[in-house]
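Visitor:
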Amino acid sequence: MSNEVSVDELNSMINAPSSSEPPGIDYFDCPEDEDAPTATLERLSALAQKARDLEHEINEDTVTLEEKKGQLDKIIKRFIPDIMQELGMSEFKLTDGAQVKIKESIAASISAENKPAAFAWLAEHNYDGIIKTKVISEFGKGEIENANKALAAIQLAGFDASLDQSIHPMTLKAFVKERLEAGESIPVDTFSIFELKEAKITLPKKKK
Numbered sequence: 002m003s004n005e006v007s008v009d010e011l012n013s014m015i016n017a018p019s020s021s022e023p024p025g026i027d028y029f030d031c032p033e034d035e036d037a038p039t040a041t042l043e044r045l046s047a048l049a050q051k052a053r054d055l056e057h058e059i060n061e062d063t064v065t066l067e068e069k070k071g072q073l074d075k076i077i078k079r080f081i082p083d084i085m086q087e088l089g090m091s092e093f094k095l096t097d098g099a100q101v102k103i104k105e106s107i108a109a110s111i112s113a114e115n116k117p118a119a120f121a122w123l124a125e126h127n128y129d130g131i132i133k134t135k136v137i138s139e140f141g142k143g144e145i146e147n148a149n150k151a152l153a154a155i156q157l158a159g160f161d162a163s164l165d166q167s168i169h170p171m172t173l174k175a176f177v178k179e180r181l182e183a184g185e186s187i188p189v190d191t192f193s194i195f196e197l198k199e200a201k202i203t204l205p206k207k208k209k
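For what it's worth, my numbering labels the leading residue of the sequence shown as 2, then goes sequentially.
1. Is DSSP giving K69 helix, strand or coil here?
2. Whose C-beta lies closer than 7 Å to the C-beta of W122 among residues of the same chain, with five residues either side of it excluded?
3. DSSP puts L197 in a beta bridge; with which residues?
4. Using the DSSP secondary-structure output, state which residues sit across from V136 in a beta bridge.
5. Give the range of the alpha helix (DSSP H) segment to which E125 is assigned.
6. Please list, in chain order, all residues of the same chain as T172 whose beta carbon is under 8 Å from its beta carbon, the five residues on each side excluded.
7. Compare the beta carbon distance of L197 and A108 with 7 Å and say whether it is the shorter of the two.
8. Kindly indicate the opening and closing residues of the alpha helix (DSSP H) around K174.
9. Using the three-state DSSP reduction, which class does F192 fall into: helix, strand or coil?
10. One question on the structure: do S112 and I137 come within less than 7 Å of each other, judged by their Cβ atoms?
11. Can you tell me whether V64 is buried or exposed, with buried defined as 16 or more other CB within 10 angstroms of its CB?
12. Which class does K207 belong to by DSSP, given the choice of helix, strand or coil?
13. Can you list, in chain order, the residues of its chain whose CB lies under 8 Å from that of G126, leaving out five sequence neighbours each side?
14. With which residues is Q100 paired in a DSSP beta bridge?
15. To the nearest angstrom, how far is it from the Cα of N60 to the Cα of Q156?
16. Suppose contacts are defined by Cβ-Cβ distances below 7 Å. Is K102 in contact with K201 by that definition?
17. Taking DSSP as the reference, what is the three-state secondary structure of T41?
18. Taking 7 Å as the cut-off, decide whether the C-beta atoms of S193 and S91 are in contact.
19. Check E185 in the structure and name its three-state DSSP category.
20. Tell me the rounded alpha-carbon separation between K116 and A175.
21. In its own chain, which residues sit with a C-beta less than 6 Å from the C-beta of E105, not counting the 5 before and 5 after it?
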C-alpha cells in the first residue's frame, strides 16, 4: 500500500478537521490542555508539506521585499529628485493631498584604503576625538583571569594585542555636516563626501 498523497489531498487534509479533532479548534494553535488530533501518517505528511510551502513562500517574499526596496531607493533617491530638479521644483502635491518634498543631506564614509589618510587628517586638525580606539587581545579557554587584567598590563604580561580604530557612521556623518556648515574645508575624496537628495512623501492628515 502506498503512503504517498497528492498536494491537493494534503491541502484538503490540513485544512479540514479530522474526526478526532473538536470542531472549531485550530490544529496549529491547539491549547496545551486540549487533546491533540490523532497522529497519522497523512497528517504528518500534510504538516511537512505545509512547512515546505511556507518556507518557500517566506523565501519568495523576502526576495520580493528586497527587490521592492531597491526599486523604492531608485525612485525616491534618483528619479524623483532628478526630475524635480529639471522642472525647477522643490515640492509638489499629489491629487490625494500627499506632499512630496526633497530632503537634502550629506553622506560620508571612510574606505579601508583611505583610513590612514582620514585619521591622519583628523589628528592633524585636532578632530581625532571622534575616533574610537579598541585594544583587542585573544585568550584561550580558562584564561579569564588573564583577560581581566588591565589593558595597560597586556604587553607586560606577554600577550599579543591588536589595535583597532573606527568611527561610527552616524558620528562621521554628523561631524562632516557640522564642519561643512561651519564653512571648513574637508578632503572630499578621503571621506567620500557627497550630497544626497531624497524625496519625502507626507500623507495628508485624515479629516476628523
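Using N, Cα and C, we set each Cβ at its ideal position, and we do this for glycine too.
Guide: From the atom records:
1. Helix at K69.
2. The answer, listed in chain order, is P188, T191.
3. Beta-bridge pairing links L197 to S106.
4. For V136, the pairing in a beta bridge is given by DSSP as L164.
5. Following the DSSP letters along the chain, one finds E125 inside the alpha helix (DSSP H) bounded by residues 116-125.
6. Its chain contains I131 as the residues whose beta carbon lies nearer than 8 Å to that of T172, once the 5 sequence neighbours on both sides are disregarded; these appear in chain order.
7. When the beta-carbon positions are compared, L197 and A108 come within less than 7 Å of each other.
8. Where K174 is concerned, the enclosing alpha helix (DSSP H) stretches over 170-182.
9. In the structure shown, F192 falls within a coil segment according to DSSP collapsed to helix, strand and coil.
10. Their beta carbons are not under 7 Å apart, which means S112 does not touch I137 by this criterion.
11. By the neighbour-count rule (16 or more Cβ atoms within 10 Å), V64 is not buried but exposed.
12. In the displayed model, K207 falls within coil according to three-state DSSP, outside both helix and strand.
13. Note on residue identity: the sequence assigns His, not Gly, to residue 126. Excluding sequence neighbours, H126 sits near nothing in its chain.
14. In the DSSP output, where bridge partners are listed per residue, Q100 has K94, T203.
15. If you take the alpha carbons of N60 and Q156, they lie about 49 Å apart.
16. Against a cut-off of 7 Å, the Cβ pair of K201 and K102 comes out as a contact.
17. Annotated three-state conformation of T41 is coil, per DSSP.
18. Cβ atoms of S193 and S91: not closer than 7 Å.
19. In this structure, E185 counts as coil in the three-state DSSP scheme.
20. Looking at the two C-alpha atoms, the distance is approximately 18 Å.
21. Result list for E105: K198, in chain order.
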